[in-house]
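The next block holds one structure in the form of C-alpha cells; read it before the comments.
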Amino acid sequence: MKCLPVGSRIPFFSGLAAAALLGLWGRPVSAAKGDVPSAKEELAARMASERKTVDLTVYNGGTSLVREERTIGLAKGANRVQVPDIPATIDPTSLHFSSLTDPAGVRVLEQNYQYDLVNQAKLLEKYLGRPVEFLRLDPEKKKEYTVTGRILAVGGNPERYGGENGEGGAANPGLVAEIGGKIELNPAGRLVLPSLPEGLILKPQLEWMLTSAKEGEQRAEISYLAGSISWSCDYVALLNKTDDRLDLTGWVTLVNNSGTGFRNAGLKLVAGDVNIVRPEYDQSARLRSMTKMASAPAPQFQQRDLFEYKIYSLQRRTDVANNESKQIELVSAVNAAAHKLLIYDGMDQSWRYWVNSPDYRSQQNLGEQGNPKVGVYVTFRNDEKSGLGMPLPKGKVRVYKKDEDGREQFVGEDQVDHTPKDEEIRLYLGNAFDVVGQRAQTDFRSLSAGHVVEESFEIKVRNHKKSEAEVMVYEHPWRWSQWEMVKSSVPFEKVDQTTIRFPLKLAQDKEKIVTYTIRYTW
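Residue numbers are given in numbering that gives the first Met the number 0: position 169 of the sequence shown equals residue 168, and the series is strictly consecutive.
Structural data, given as C-alpha cells:
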C-alpha cells in the first residue's frame, strides 16, 4: 500500500461549492466562475506570514482578546489559507477576519480550526493496515537490520515505544503486527513510520477558504478570544516602625498557558467583573523587598475607563512567551498614611446565620458564644495624597515590617477587591497576641407574651502590651430589625442596622469592661 509523502493532503474542499452558495457566515456568495472551486478541484494551501503586530487584552477571568496582523498572498478567486501559531485555547466561534488592503474584495467562505495534534496513539491508529518497518538488532553482528510488516492492532494506549535494544517485545507492548506472513504479538524492534499521516499536525492552526477579487498580497487583521492567558495583581506593603506609614508596590502577574507565545506584543489589562458565558464545565508573587525612596517612579501602566470597567495599558511592548509567568510593576506609593486598628468582634460571623429569623429570635442560648481573639487590621486610603489615587485591581496584599535588627519580616496578608480611587482599604493581618477579649450574656428576659426581648452583655478587653492600645469593640443586634439600646456603660456608635461599636483606649496592663442592655420589639 502506497504511503502519502510528508506534508501531502487529501482534497479538503471537495463538495464545498454548494455550501458556499448558501452564503456561509450569513453573507451572499457570488457564483461567478473562479469564485469557488469545483467539486473535483483541490486548492494548494497558502501559508499566512508570521505575525507582523499583535496586541493582547487580558481580562480578570482568564480570557484574552488577541488582535494580530499578518500578510497573506492571494490569487484571484478561491484560496485556501493556513494560519499557524494559533493558541490551543482559541474559541473558534469568536474569530473575526478582515482585509485591511481590500475589505470589500476579500471574504471568508469557510473557516476551520485544526487541532488534531501528533501523539503516539494517533500515529499508530493512522497506520492500521499499512506497511511499517521494525529495526531489529542482530546480537552476533551487533548491527541493526530492517523487517517490513503491517500493523493489525495497536492494543491500548502504550506508554512508550522504543527500547534499548528492541528485543523481546518490550519495545511495542500491546501491538499486533503481520511480519513475513506470520502474526507477532508485541513484535520486537524499534517501530519506524515512513511519514506523518494525513490530518495530523504539529501545532494548532486555522485554515480558511477565502475569495479575493484580485491577486496580490493582503494585509489581514485577525481577532479572537483565547483562554489560559490570565493576569492577577499582587501587592507588597512595608510598614514603618510606628505602623502609621507604609510603602506599597502593586505587581501584575501575567500567565500564558495558551500553547503559543507572542513577541513584541501590546498589552492591556481589563479589571472588573466582566460577564462571560461559560460551558457547564470549565476546561480550561513574587516576594520583592521594598526600598524607601524619595518619590515613586513613573508608572508603567496608564489607566483609563472602558465601559463600566478599568483598563490598564502598558506604555511599552513586551514579549509573552508560552508557559511563562511574567511580572510587571503596576503601581507604587511611598510613605502613604496608614493606621493600625485592633477590633474585637466577640460574635465573629456566627450572627449572620440567625439574623432577623423568627425561628431564632426568642432562643436565649443563641448569642452567648464568645470569641477571645482580637483582630489586627491596617487601613489606608487609595487617594493621591497617599501617592495612589488610581483604581486598584483586586488581589492579595502581603505586608512586611522591619524587626529590631532592621530585617524585613512577614506580618500577614489579605485579599482586597477592586477598589476605586478615594476609598479606604482595610487589611486583616491576623490576631493580636497581647490583647484578648471576653464576652458573656448576663441577662435574658422575654416580655409582653414573647413580643419583647431584653438581653444584657458584659464585654471585657485586656491589654497585656507594654504600650497603650486602641480597641474597637463590635456587637451585632441580630434578633430583630426593631431594637433600641436601653443602657450602655460607654458611648457607642450605630454603624448600621446590625452593627454597633464601642471605641476603647486601654493603658498598659489594664482591662476595660463594656456592659449594655438591648431591647427587641416585634
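By construction, the Cβ of each residue, glycine as well, lies at the ideal position given by its N, Cα and C atoms.
Look up residue i in the DSSP assignment and say whether it is helix, strand or coil.
i    : result
K464 : coil
P502 : strand
A74  : coil
A87  : coil
Q119 : helix
R66  : strand
T56  : strand
S283 : Confidence in S283 is poor, its pLDDT being 37 and thus under 50, which makes the residue's placement unreliable; the coordinate value appears in the next sentence. Coil at S283, not helix or strand.
W350 : helix
T516 : strand
E383 : helix
T210 : strand
W521 : coil
T241 : coil
E367 : coil
E510 : strand
E124 : helix
How is the beta strand (DSSP E) around residue i delimited, first residue to last?
i    : result
F379 : K372 to R380
M189 : For the sequence presented, residue 189 should be read as Arg rather than Met. Unbroken beta strand (DSSP E) run through R189: R189 to V191.
V146 : K142 to A152
V489 : Looking at the DSSP string, V489 is not in any beta strand (DSSP E), and its letter there is neither H nor E.
S312 : Y308 to L313
H95  : H95 to S98
D137 : P130 to D137
A103 : Segment: none, A103 is in no beta strand (DSSP E) and carries neither H nor E.
R361 : Inspection of the sequence shows that residue 361 is occupied by Ser rather than by Arg. Looking at the DSSP string, S361 is not in any beta strand (DSSP E), and its letter there is neither H nor E.
L61  : Just to set this straight, residue 61 is Gly in the shown sequence, not Leu. Run containing G61: none; DSSP gives neither H nor E here.
A431 : E423 to L446
R303 : F300 to L305
Give me the Cα-Cα distance between residue i and residue j, rounded to the nearest whole angstrom.
i    : j    : result
T145 : L134 : 5 angstroms
Y359 : A448 : 16 angstroms
L341 : V269 : 35 angstroms
T441 : E454 : 8 angstroms
L329 : N59  : 15 angstroms
L184 : I150 : 10 angstroms
E68  : I221 : 6 angstroms
I89  : V53  : 15 angstroms
G168 : Q119 : Below a pLDDT of 50, predicted positions are generally treated as unreliable, and G168, at 49, falls in that range; no measurement from the model is reported.
V451 : W521 : 7 angstroms
L266 : E383 : 25 angstroms
Y223 : L127 : 37 angstroms
V472 : D304 : 39 angstroms
T147 : A176 : 10 angstroms
R66  : G394 : 27 angstroms
L174 : E124 : 11 angstroms
I71  : R316 : 24 angstroms
E367 : R438 : 8 angstroms
A77  : A187 : 49 angstroms
L541 : I327 : With the chain covering only 0 through 521, there is no way to say anything about residue 541.
G61  : Y112 : 21 angstroms
D281 : K75  : Residue placement at D281 is flagged as unreliable, the pLDDT there being 41, under the threshold of 50; the coordinate-derived value follows with that caveat. When rounded, the distance between both Cα atoms is 43 angstroms.
Q363 : S488 : 22 angstroms
Q302 : G374 : 34 angstroms
S93  : S63  : 11 angstroms
Y474 : V396 : A small fix is needed here, since residue 474 is Glu in this sequence, not Tyr. Between E474 and V396, the C-alpha separation is close to 27 angstroms.
F501 : Q481 : 20 angstroms
M484 : T497 : 12 angstroms
T248 : G215 : 51 angstroms
Bridge partners for residue i per DSSP, in chain order?
i    : result
H338 : T378
N255 : I228 and E323
F261 : V319
Y473 : D344 and R500
E183 : A176
T418 : L391
A47  : Bridge partners of A47: none, in fact.
E453 : R444 and R518
G271 : BP columns for G271 are empty, so no partner.
E403 : Answer is none; E403 lacks a bridge partner.
S194 : Answer by DSSP bridge pairing: none, since S194 is not bridged.
Quick one: is residue i near chain C, going by C-beta distance under 8 angstroms?
i    : result
G258 : Looking for chain C here will not work: only one protein chain is present.
Quick one: any contact between the stretch 317-333 and the stretch 253-263, if contact means 3 or more CB pairs under 8 angstroms?
Touching, yes.
Does the stretch 410-425 come into contact with the stretch 388-400, if we say contact requires no fewer than three beta-carbon pairs (one atom in each stretch) closer than 8 angstroms?
With the cut-off at 8 angstroms, the stretch 410-425 and the stretch 388-400 touch.
Assess contact between the stretch 100-109 and the stretch 121-133, defined as three or more Cβ pairs (one per stretch) separated by less than 8 angstroms. Is contact present?
At 8 angstroms Cβ cutoff, the stretches do not touch.
contact_flag[the stretch 460-468, the stretch 498-510] where n(CB pairs < 8 angstroms) is 3 or more:
The stretch 460-468 vs the stretch 498-510: in contact.
Per the contact definition of three or more C-beta pairs closer than 8 angstroms, is the stretch 403-412 in contact with the stretch 346-355?
The stretch 346-355 is not in contact with the stretch 403-412.
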